[in-house]
Amino acid sequence: MISHELYNDGARRWVYLGRDPNKSDTIIDTNQYLIVHNGEGMLLDPGGIETFPSMVSTLSREIELEKITTIFASHQDPDIISSLALWFGLLPNIEVYVPWVWGTFIPHFGGGRVLKSIPDEGMTFSLGGSNDLTLVPAHYCHSSGNFSLYDPTAKVLFSGDIGAALLPPSLTDIFVSNFSKHTQFMTGFHKRWMPSNEAKNKWVHRVRDLNITLMCPQHGAIFRDGDVKQFQDWFENLDVGSAI
Amino acid sequence: MMAATGENMTQNSYNVSDINKRTLNIQHNLSLIKPLIRKTRYLAFNSKFTVDNLHMRGGSFSALVKELNTIVTDLESILNEVSHSAWEMAKSASKCQQMENQIAFYNRALFYTSQNKSTSISMLAYDLMKSKDWLKESPAEKQYQNSLFQKNTPEFTIWNVILSTRSEMIEEFERLFQYYRKLAKLVDKINWVAVQQINLIAITALVEASWTGFAKSNIPVLSNNIRAMARQITLVETNAINQLVDLHANLQPLETPIRSYNFQKRISA
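So the protein sequences, as listed, match chains H and R.
Start counting the first sequence at 11; every next residue gets the next number (our numbering).
Start counting the second sequence at 67; every next residue gets the next number (our numbering).
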């Protein structure tokens, strides 16, 4: 698995983790993210059980494992959080935040611990003394309990499955290089996985005015600068829930 | 770097999944006795009814029927205990299986992480990951642990998780053994109660019937039916015993390592 630093101002870092060459062909490729603030770490969608060994190995080059205090799961899918029991085993004091609607579903992945519930309206996280990491509701995009995470300091939006692309194995670049060409890898996914035009447009409306330089999805490539706005326009005009 | 195949998730020397399956098979097999018990109870009731209805001198026969009822009730209670023990044992086996899988993933994480280190450490981690018999302290394990000692590394953290998960798994295996022993005792008890006693009562009833002049009534038929029940229970119970023997064979490779297990739960820096 590769890691790539997306942002670093000395106090705060964003690290991308993904494109795992050890990944079995039977599982979908996923992007994981680490936010570090004043040495304290938080994982965003830490991945499935199969990804765990590579994740731990790659993470250990970026941060002391014991400094990771928080996990945020944007929704309930297995590629997001089926590694839950292994994280609890490795870091017994870690706090795991999940949308409240999934609070009693996600523990089926094991670990035997109570998870922290995120209310529908979202919340902010405390990390290393900062309080600005904000959860933006993304319900029904695609899951019925779903959040994006916005970091106003780094100007990064973690968008979960919004902006996801199913890339062919030959495309390994972690950033979108040509938006128009990239849409072919997103269209089918968004039409099928996103069930509601109304919910989708509400999300676009919520993030429109945010100052975003990087939009980081859980699959596919990261959008930079002008591509973020292009994505919002493209997504707003897409008729979703219509792939069958 | 090797591909993530999860191939080391199944151990060579034993198979938790087999233990689980055999336990559930025993439970299923013994549950087959339940309808037989119901039938025995029904037959006993019929015998008593016949005796009462004929207003004959059936005092001693009634006492036998009463005893049969008591035995059937005891048998039901043993079967409930069997059911509980087998369920606990299967639960325990599932937990062990889950922990075994977790250890496999931690071992893989350890190998991937160790690849950043020297070739010798990386090779030791590879040996550990490929090891099929981690219940025995291997030379690779000792060497690997020594290389981590007093070093606060990610490998150190992961290794400690492996040690503590393994230790929890051993405790769970000990619980599983306790339930197994209890199950074996209960099966023994079924043999004594169901087969020997019911059979004895049926024979006694037959003797009683001819002795007290019921030879031409349907009591001899009923007592023969009760004997047939005892035979069927024997068959079911013999199957259960055979499965218990297989289960013991599955558990045997674990017995010695578990008894001699004295590894550390953690290592400290």
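By construction, the Cβ of each residue, glycine as well, lies at the ideal position given by its N, Cα and C atoms.
Nothing here was measured: the structure is a model prediction, and the numbers come from that model.
For the alpha helix (DSSP H) containing residue i, list its first residue and its last residue.
{"i": "Ile12/H", "result": "Premise fails: Ile12/H lies in the beta strand (DSSP E), 12-18, not in any alpha helix (DSSP H)."}
{"i": "Met65/H", "result": "62-69"}
{"i": "Arg232/R", "result": "220-256"}
{"i": "Thr89/R", "result": "82-97"}
{"i": "Leu176/H", "result": "Where Leu176/H is concerned, there is no enclosing alpha helix (DSSP H), given that its DSSP letter is neither H nor E."}
{"i": "Thr185/R", "result": "185-196"}
{"i": "Ser213/R", "result": "205-214"}
{"i": "Pro88/H", "result": "88-91"}
{"i": "Phe244/H", "result": "The residue you asked about is not Phe; residue 244/H is Trp in the sequence shown. Note, Trp244/H: alpha helix (DSSP H), 236-247."}
Tell me which same chain residues have a C-beta within less than 6 Å of the C-beta of residue i, skipping the five on either side of it?
{"i": "Arg216/H", "result": "Val146"}
{"i": "Asp237/H", "result": "Val186, Phe189"}
{"i": "His192/H", "result": "Val186"}
Could you give the C-beta distance for residue i and residue j, rounded to a whole number, given that I count them as a contact under 8 Å?
{"i": "Tyr17/H", "j": "Ile232/H", "result": "Not confirmed; about 11 Å, so no contact."}
{"i": "Met195/R", "j": "Asn173/R", "result": "4 Å"}
{"i": "Gly198/H", "j": "Ala253/H", "result": "6 Å"}
{"i": "Ile91/H", "j": "Ala83/H", "result": "4 Å"}
{"i": "Leu53/H", "j": "Ile78/H", "result": "6 Å"}
{"i": "Thr163/H", "j": "Asp89/H", "result": "With 8 Å as the limit, Thr163/H and Asp89/H do not qualify as a contact, their Cβ atoms being about 28 Å apart."}
Go ahead and pull the three-state DSSP assignment for residue i.
{"i": "Thr40/H", "result": "coil"}
{"i": "Asp142/H", "result": "strand"}
{"i": "His118/H", "result": "helix"}
{"i": "Tyr150/H", "result": "coil"}
{"i": "Thr182/H", "result": "coil"}
{"i": "Leu101/H", "result": "coil"}
{"i": "Thr163/H", "result": "coil"}
{"i": "Ser34/H", "result": "coil"}
{"i": "Leu134/R", "result": "helix"}
{"i": "Met204/H", "result": "coil"}
{"i": "Ser133/H", "result": "For the sequence presented, residue 133/H should be read as Met rather than Ser. DSSP places Met133/H in coil when its eight states are reduced to three."}
{"i": "Leu220/H", "result": "coil"}
{"i": "Arg107/R", "result": "helix"}
Whose Cβ in chain H lies nearer than 7 Å to the Cβ of residue i?
{"i": "Tyr210/R", "result": "Under the 7 Å cutoff, chain H gives no residues; its nearest Cβ is about 16 Å from Tyr210/R."}
{"i": "Arg171/R", "result": "The sequence given here has Phe at residue 171/R, not Arg. Chain H residues near Phe171/R: Ile59, Phe62, Pro63, Leu96."}
Could you give the residue range of the beta strand (DSSP E) that holds residue i?
{"i": "Phe82/H", "result": "78-82"}
{"i": "Glu105/H", "result": "105-109"}
{"i": "Ser127/H", "result": "126-128"}
{"i": "Met196/H", "result": "Per DSSP, Met196/H belongs to no beta strand (DSSP E) and is neither H nor E."}
{"i": "Gly51/H", "result": "50-54"}
Near residue i, which residues of its chain fall below 7 Å by C-beta distance, leaving aside the five closest residues on each side in sequence?
{"i": "Pro129/H", "result": "Trp110"}
{"i": "Gln240/H", "result": "Phe189"}
Along chain R, in chain order, which residues have C-beta atoms closer than 7 Å to that of residue i?
{"i": "Ser67/H", "result": "Ala175, Tyr178, Thr179"}
{"i": "Gly99/H", "result": "Gln168, Val227, Thr231"}
Anything in chain R within Cβ reach of residue i, meaning under 9 Å, just list it in chain order.
{"i": "Ser92/H", "result": "Those do not exist, as Ser92/H stays about 11 Å from chain R at its closest Cβ, beyond 9 Å."}
{"i": "Gly120/H", "result": "Gln164, Gln168"}
Who are the neighbours of residue i on chain B, taking C-beta pairs under 7 Å?
{"i": "Ser70/H", "result": "Looking for chain B here will not work: the only protein chains present are H and R."}
Taking Cβ-Cβ distances shorter than 8 Å, what residues in chain R pair up with residue i?
{"i": "Glu5/H", "result": "Any answer about residue 5/H is impossible in this case: the structure gives chain H only from 11 up to 254."}
For residue i, verify whether its CB is less than 7 Å away from any heavy atom of the ligand FMN.
{"i": "Asn207/H", "result": "Absence of the ligand FMN from the depicted structure is noted, as is the absence of any ligand whatsoever, leaving it without description."}
Which chain H residues sit within Cβ distance under 9 Å of residue i?
{"i": "Asn182/R", "result": "Ser67, Ser70, Arg71"}
Leaving aside the five residues before and after residue i along the sequence, list all residues of the same chain whose C-beta is less than 8 Å from its C-beta, in chain order.
{"i": "Ser67/H", "result": "Met11"}
{"i": "Ile104/H", "result": "Ile78, Thr79, Thr80, Ile81, Trp97, Phe98"}
{"i": "Arg202/H", "result": "Ala253, Ile254"}
{"i": "Leu145/R", "result": "Leu96, Ser97, Ile99, Lys100, Ile103, Ile256"}
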